[in-house]
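Going by this note's numbering, the first residue of the sequence shown is number 37, and it counts up by one from there.
The C-beta atom is built at its ideal place from N, Cα and C for all residues, glycine as well.
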Amino acid sequence: MAGEAGHNINGEYRNQIMVRCTQLPAWQVLQEHQWEIARLHMRDLFSADPKRFERYSLRLDDILFDYSKNRITHSTLEHLFDLARQAGLPEKIAAMFRGDKINLTENRAVLHIALRNCSNRPILVDGTDVMPGVNRVLTQMRYFSDAIRSQEWLGYTGKPIANVVHIGIGGSDLGPKMVVKALTPYCRPELKVHFVSNVDEADLVEVIKNLDRETTLFIVASKTFTTQETMTNALSAREWFMAGVKDKEAIAKHFVAVSTNAEKVEAFGIDTKNMFEFWDWVGGRYSLWSAIGLPIAVAIGMDGFKELLAGAHKVDEHFRTSPLERNIPVIMGLLGVWYNNFFGAQTQAILPYDQYLDFLADHLQQADMESNGKSVDIDGKRLDYDTGPVIFGQAGTNGQHAFYQLIHQGSKLVPCDFLAAAHSHHKLAGHHEALLSNFIAQTEALMRGKTTEEAKAELMAEGVPEDRLDKLSMAKTFPGNKPSNSFLYHSLTPETLGALIAFYEHKVFVQGAIWNINSFDQMGVELGKQLAKTVLKDMMEDKLVDSHDSSTNGLLNYYKSLRSR
Ligand code: G6Q
């Protein structure tokens, strides 16, 4: 498969991807090295090196990436960079940017970087430059979003659009939804953008129940235009719309589509002149930069959308051209591999101290887990090492009062990423300082911990009786030595947000490259989809079901009995 599908990947790249990462010399070295590092405490590493922060932090414009609170020494990083080189990471990065078909199972290029290629450097797929197409759709997005925002685009009764409902799911939903929430301060209050994804009717009903048909526009976003959830919601939205409208022509003013499938869009009844194209080399979870980002352009304006692209492009250039040693996504990815494969960490927490980034963990969960939740390598061989971690998180400080307990004192190692802006978009006294002090304190607490002696001294000072000291001081001991990265930046602008998302996308790429997996397909989504079709058919029949296992039959038959009551 690799040989055939990867015909335009150069020989050097192909040879390198044949070797398992666990067989690489640097992997063996890292295994030995882990024994040494496991004994060290970050407290001591900080005490021994007053310049540790300077040594292990990087800046890209105003975005600071501090990775000094990690269980690493200079040697650790050297070995990790060796691993990256031996795994062919630089060649793999070059292959992606060149437009090689690195999504081998689907024989596709992976070019979300082209969508934000503000330099317009030609990028070829099958000998054709994709940039003219990218620019054409960007222009189309500008016309459309300008028309909606300037109230030139009118609904069927001549009223301007006040509500835009984006219908999509997975990659066609999570990215734009996260970005629109993140950039709320840049949105206009008189133009609301809503998102509907779940096939559960409650999702659509709760959004449309307060909307006025005359001033509502639907964006139906689906790469394939066949996804069950999106098509079910889109059909119901069309039905809701038509229930109040006599003239079928009105649909053209209230429904637009974002898709790669013009035929299906037309069959649905949307005029293809109201269709925004994208391409098979844009993966769903990497598609917010494409026309899938249309609700973003509507919400913040096309200039804002372009700033988002510019932020991501800056990171693309940083990723493409910086040496591994000064390359933020490379370091993020390698640190993840270090904990995942050498410390047995199973998870990664995403902790933005920013309410507007409330959906960031959801988006990165898909970006990471759908990309690197794989158990075979790119040659189809089963892996005997761990791949992508479980991603979870939420906006600080809420998590501190929920799951941080486990991170501080539980038995599992949970590497954490913190993100925060120095400036809030608001001016309520005391809030932002409280928020940021919590962020910084958490990174310190995770790193330092609290020794039993320190806990005991505190308890004694509080006057706790002698007979309770031992037990209580043990309960109040924090082992510390818990790794974290921190991103700290001026403020959450479209440009900064674009950069942050791109850091994570490339971090996922780096890890997939080391693990030698295809980060760009998602076969695991398919089985459930297939079975749901059979189950739906069985569900609709009026007889008892016996064609599945006893649990599935039992669930189906009990559902039927409940439904008939
Ligand atoms: C993402 C996945 C998946 C996809 C959805 C929606 O990378 O491919 O989440 O985005 O299944 O697919 P459609 O856009 O085709 O409706």
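Taking C-alpha positions only, VAL581 is separated from ASN589 by approximately 6 Å. Shown here, ILE99 sits in a strand according to DSSP, grouped into three states. Note that the C-beta distance between LEU370 and ILE550 is below 9 Å. A distance criterion of 8 Å places the beta-carbon of ARG321 in contact range of ligand 1, judged by its closest non-hydrogen atom. Within a 10 Å sphere around the beta-carbon of GLU265 sit 16 or more other beta-carbons, which makes this residue buried.
Taken from the Cβ of ILE205, at least one heavy atom of ligand 1 lies inside 8 Å. Rounded to the nearest angstrom, the Cβ distance from SER407 to VAL544 is 5 Å, consistent with a contact under 8 Å. With a cutoff of 8 Å, GLU406 counts as near ligand 1, since its C-beta is closer than that to a heavy atom of the ligand. Three or more Cβ pairs closer than 8 Å define a contact, and the region 462-482 meets that threshold against the region 434-454. The residue among VAL292, CYS57, HIS461 with its C-alpha nearest the C-alpha of GLY191 is VAL292. Judged by the Cβ position, GLN67 fails to qualify as a neighbour of ligand 1 at the 8 Å threshold, every heavy atom of the ligand being at least this far. VAL235 sits in coil when the DSSP states are folded into three classes, being neither helix nor strand. At least one heavy atom of ligand 1 lies closer than 8 Å to the C-beta of ALA257. Counting along the chain, PHE355 sits inside the alpha helix (DSSP H) bounded by residues 338-357. THR263 has its CB nearer than 8 Å to a heavy atom of ligand 1. Minimum Cα-Cα distance from VAL232 among the listed residues GLU242, ARG157, GLY435 corresponds to GLU242. Taking ALA438 as the centre and dropping the five residues before and after it, the same chain places no C-beta closer than 7 Å to its C-beta. Checking the 8 Å criterion, the Cβ of SER586 is out of range of every heavy atom belonging to ligand 1. Nearest to PRO515 by alpha-carbon distance, out of GLU188, ASN363, HIS444, LYS417, is HIS444.
A residue is called buried when at least 16 other Cβ atoms come within 10 angstroms of its Cβ; GLU275 does not meet this threshold and is exposed.
Every unbroken stretch of the beta strand (DSSP E) spanning 3 or more residues and falling wholly within the region 436-495 is given here in chain order: 452-457.
By the Cβ neighbour-count rule, ALA491 is buried, with 16 or more other Cβ atoms within 10 Å of its own.
Distances between the C-beta of VAL561 and the heavy atoms of ligand 1 include at least one below 8 Å.
ALA568 counts as exposed, since fewer than 16 other beta carbons sit within 10 angstroms of its beta carbon. Contact annotation, LEU533 with GLY380: C-beta distance approximately 33 Å; criterion of less than 8 Å not satisfied. Here the alpha carbons of HIS349 and CYS154 stand approximately 7 Å from one another.
The residues TYR389, ALA456, in chain order, have a CB closer than 7 Å to that of LEU472 in the same chain once the five nearest residues on each side in sequence are set aside. Our two residues, GLY424 and TRP374, have alpha carbons roughly 12 Å apart in a direct line. Taking the CA atoms as reference points, ASN376 sits about 25 Å from HIS354. Of all C-beta pairs linking the region 245-253 to the region 303-316, fewer than three are shorter than 8 Å, placing the two stretches out of contact. A contact is defined here as three or more CB-CB pairs under 8 Å, and the region 78-95 fails this definition with respect to the region 144-161. Counting only runs of at least 4 residues, the region 106-172 fully encloses the following alpha helix (DSSP H) elements, listed from N- to C-terminal order: 110-122, 125-134, 148-151. Here the C-alpha atom of SER520 lies approximately 27 Å from the C-alpha atom of PHE556. Counting along the chain, ALA568 sits inside the alpha helix (DSSP H) bounded by residues 562-576.
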